[in-house]
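*Asks:*
In our numbering, the protein residues as written are 9 to 219.
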């Protein structure tokens, strides 16, 4: 079965037929000011994984701090060499997501989309051990700190594989770089309404609101 069709079938089991799932599809536009903060985390060790549920990628997690009484746009970029290999002829792939304050950042492909975000794929078992290449993606989230002290916001890249055959693929990751930048103020058009709101101190900024 095609990757998109498989993902849509899985999403139908996890999400309501209408409502929150539909609200997260489509285009979102984030607007903010200039960046006031930047953190970079690099990792040069080879990582191998075959986990079928999301787990934090070693060397690709950190914590940033949103200043008191501040709404911030958190921009997260990730790049690495990856390889996704497996002998099964099933259309398996290797997937990643980025979470900010424990919630998947936008676009929320793995949580709400009709398709998951494949960083790499086995090419129906044809990908070889020499099939490593560079891949990169970014995710974005608005975070509000309503307290009078800096708010700790964990940021993590997560990885997993699909398994539609008998054996899961092997996910190979090397030479990664995690880049986090923050900007004051954050407005979002077509903002989703998650069915599980994040904590009050770090909740998403409502649509069209800007500080």
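Backbone N, C-alpha and C define an ideal beta-carbon position, used for all residues, glycine too.
Spatial neighbours of residue 187 within its chain, please: C-beta separation below 6 Å, excluding the five flanking residues on both sides.
*Replies:* By 1-based counting over the chain shown, the position of residue 187 is 179. The residues are 48, 85.
*Asks:* So, does the segment 137–155 touch the segment 42–58, judging by three or more C-beta pairs under 8 Å?
*Replies:* The segment 137–155, when compared against the segment 42–58, does not touch it at the 8 Å Cβ threshold.
*Asks:* Looking at the unbroken beta strand (DSSP E) that takes in residue 61, where does it start and where does it end?
*Replies:* Residue mapping note: residue 61 aligns to position 53 of the chain shown, counting from 1. First-last for residue 61: undefined, no H or E at that position.
*Asks:* So the beta strand (DSSP E) residue 86 belongs to, where does it begin and stop?
*Replies:* In the chain shown, the residue the question calls residue 86 occupies position 78. Start and end: 78–93.
*Asks:* Rounded C-beta distance between residue 89 and residue 140? I'm assuming under 8 Å.
*Replies:* Numbered from 1 along the chain shown, position 81 holds the residue referred to as residue 89. Numbered from 1 along the chain shown, position 132 holds the residue referred to as residue 140. Contact flag correct, Cβ pair sits at about 5 Å.
*Asks:* By a C-beta neighbour count over all protein chains shown, 10 Å radius and 16 as the cutoff for buried, is residue 164 buried or exposed?
*Replies:* The residue you call residue 164 lines up with position 156 of the chain shown. When all chains shown are included, residue 164 counts as buried.
*Asks:* Using CA coordinates, which residue listed in 179, 183, 38 is at the minimum distance from residue 104?
*Replies:* One-based indexing of the chain shown puts residue 104 at position 96. Taking only the C-alpha atoms, the option nearest residue 104 is 179.
*Asks:* Output the distance between the C-alpha atoms of residue 10 and residue 173, rounded to the nearest integer angstrom.
*Replies:* In the chain shown, the residue the question calls residue 10 occupies position 2. In the chain shown, the residue the question calls residue 173 occupies position 165. No answer about residue 10 holds up, because its pLDDT of 41 lies below 50 and its placement is not dependable.
*Asks:* Do the segment 150–157 and the segment 66–77 meet, that is, are 3 or more Cβ pairs less than 8 Å apart?
*Replies:* Taking 8 Å as the limit for Cβ pairs, the verdict is that the segment 66–77 does touch the segment 150–157.
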